[in-house]
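Asks: For reference, each letter of the sequence shown is one residue, going 0 to 284 in numbering that gives the first Met the number 0. Quick reminder that beta carbons are idealized off the backbone N, C-alpha and C, glycines included. Before we start, here is the structure in question, set down as structure tokens.
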Amino acid sequence: MIQSMTGYGKTVVQLPTKKISLEIKSLNSKNLDLNARMPSVYREKELEIRKRIASVLNRGKVDFSLYMEITGEDTSSQINKTVVREYIKQLKEVVDGNETELLKMAVRLPDAITTERDEIDDDEWKTISNAIDETLKKIEQYRIDEGKSLETDFINRVENISQLLDDVIAIDPERIEGVRARLEKGIADIKEKVDENRFEQELVYYIEKYDITEEKVRLKNHLDYFLKVLNSKESNGKKLGFIGQEMGREINTIGSKSNYAPMQKLVVQMKDELEKIKEQLLNVL
Numbered sequence: 000m001i002q003s004m005t006g007y008g009k010t011v012v013q014l015p016t017k018k019i020s021l022e023i024k025s026l027n028s029k030n031l032d033l034n035a036r037m038p039s040v041y042r043e044k045e046l047e048i049r050k051r052i053a054s055v056l057n058r059g060k061v062d063f064s065l066y067m068e069i070t071g072e073d074t075s076s077q078i079n080k081t082v083v084r085e086y087i088k089q090l091k092e093v094v095d096g097n098e099t100e101l102l103k104m105a106v107r108l109p110d111a112i113t114t115e116r117d118e119i120d121d122d123e124w125k126t127i128s129n130a131i132d133e134t135l136k137k138i139e140q141y142r143i144d145e146g147k148s149l150e151t152d153f154i155n156r157v158e159n160i161s162q163l164l165d166d167v168i169a170i171d172p173e174r175i176e177g178v179r180a181r182l183e184k185g186i187a188d189i190k191e192k193v194d195e196n197r198f199e200q201e202l203v204y205y206i207e208k209y210d211i212t213e214e215k216v217r218l219k220n221h222l223d224y225f226l227k228v229l230n231s232k233e234s235n236g237k238k239l240g241f242i243g244q245e246m247g248r249e250i251n252t253i254g255s256k257s258n259y260a261p262m263q264k265l266v267v268q269m270k271d272e273l274e275k276i277k278e279q280l281l282n283v284l
């Protein structure tokens, strides 16, 4: 089952004195590109958080955000009353103003506000840790749901290419007959007697040169293999990408060998379907 690299998950938990909001979102990327944003009090847990996210999401451009909103009386910031009083005293010696205006000026000066570093409570972190796991499950489910949509699209486009290949196979005999007719007409136009045996040898040479039997067989095998990998238990976008490249090689070779307008039109349609598959594969985990 394939997974998309696009995903989103959000969880909100209410603690006694604060509300914690967790968000994880991801977009496509060749490797895991993880960006983490959180208040400084939780920075000591960043490495642990990164490891847990990496173990689940594997690839993608991932943004992890932890937001904290104080909802109770608990706060780590305190007014340094002694310093503020001294600032107000000095300000009175410099400017005239009421107490409120002087206070506004004083609290903006250095050391007027002190911030104590909070220690992470074990019970608090356990709650947040469980919320991270829940958020990871949400984004993983989002990726699976997106993957199902991609899988449906891939199957439809592979079936379209397979049908176009059947059309190519159906018109191949008339293409070869056209090669024979053009050679015979060319000989007739020059009004020269030719050695029939030599002519047949040349005809066989050109027919072999334009023969696409191997390409048709290989392309059919690649289409079947693509669907097999698509239905495997693990999502493997890189492997599907490699198969898509091989499909492209066979389609291009059929196009270069065809030398027949109706077949080349079918090849163009196959290329269009394959190009859309490749675009979508960039978003597969």
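Give me the Cβ distance between Val-283 and Ser-3, rounded to the nearest whole Å; I'm assuming they're in contact under 8 Å.
Replies: 7 Å
Asks: For Ser-257, which residues of its own chain have a beta-carbon under 6 Å away from its beta-carbon, when the five flanking residues on both sides are left out?
Replies: Gln-263
Asks: Could you please give the first and the last residue of the uninterrupted alpha helix (DSSP H) stretch that includes Gly-254?
Replies: Counting along the chain, the alpha helix (DSSP H) containing Gly-254 begins and ends at 236-257.
Asks: Helix, strand or coil for Asp-152, going by three-state DSSP, please let me know.
Replies: DSSP places Asp-152 in helix when its eight states are reduced to three.
Asks: Between which two residues does the beta strand (DSSP E) harbouring Ala-35 extend?
Replies: 31-36
Asks: For Val-93, count neighbouring C-beta atoms within 10 Å of its own C-beta (all shown protein chains included) and say buried if the count is 16 or more, exposed if not.
Replies: exposed
Asks: Tell me which same chain residues have a C-beta within less than 8 Å of the C-beta of Ile-206, skipping the five on either side of it?
Replies: Ile-175, Val-178, Arg-179
Asks: Compute the beta-carbon to beta-carbon distance between Thr-16 and Ile-69, rounded to the nearest angstrom, for a pair I have assumed lies under 8 Å.
Replies: 7 Å
Asks: Quick check: the stretch 235-250 against the stretch 134-146, are there 3 or more CB pairs under 8 Å?
Replies: no
Asks: Taking 8 Å as the threshold, find out whether the stretch 16-27 comes into contact with the stretch 146-155 through three or more Cβ pairs.
Replies: no
Asks: Report buried or exposed for Asp-171, applying the criterion of at least 16 other Cβ atoms within 10 angstroms of its Cβ.
Replies: buried
Asks: Excluding sequence positions up to five away, which residues of its chain have a Cβ less than 7 Å from the Cβ of Ile-276?
Replies: Phe-153, Arg-156, Gly-243
Asks: Could you tell me the boundaries of the beta strand (DSSP E) in which Ser-64 lies?
Replies: 59-69
Asks: Run through the stretch 88-151 for me and flag every whole beta strand (DSSP E) of 3 or more residues, listed as ranges in chain order.
Replies: 112-114
Asks: Can you tell me the Cα-Cα spacing of Gly-59 and Lys-44, whole angstroms?
Replies: For Gly-59 and Lys-44, the distance between alpha carbons rounds to 22 Å.
Asks: Going by CA-CA distance only, name the one from Asp-132, Leu-273, Leu-182, Glu-213 that's closest to Phe-241.
Replies: Leu-273
Asks: Please look up how many angstroms separate the CB atoms of Leu-163 and Gln-268, rounded, as I've assumed it's under 8 Å.
Replies: 5 Å
Asks: Using a Cβ-Cβ cut-off of 7 Å (strictly less than) and excluding sequence neighbours within five positions of Ile-160, which residues of its own chain qualify?
Replies: Leu-222, Met-269, Glu-272, Leu-273
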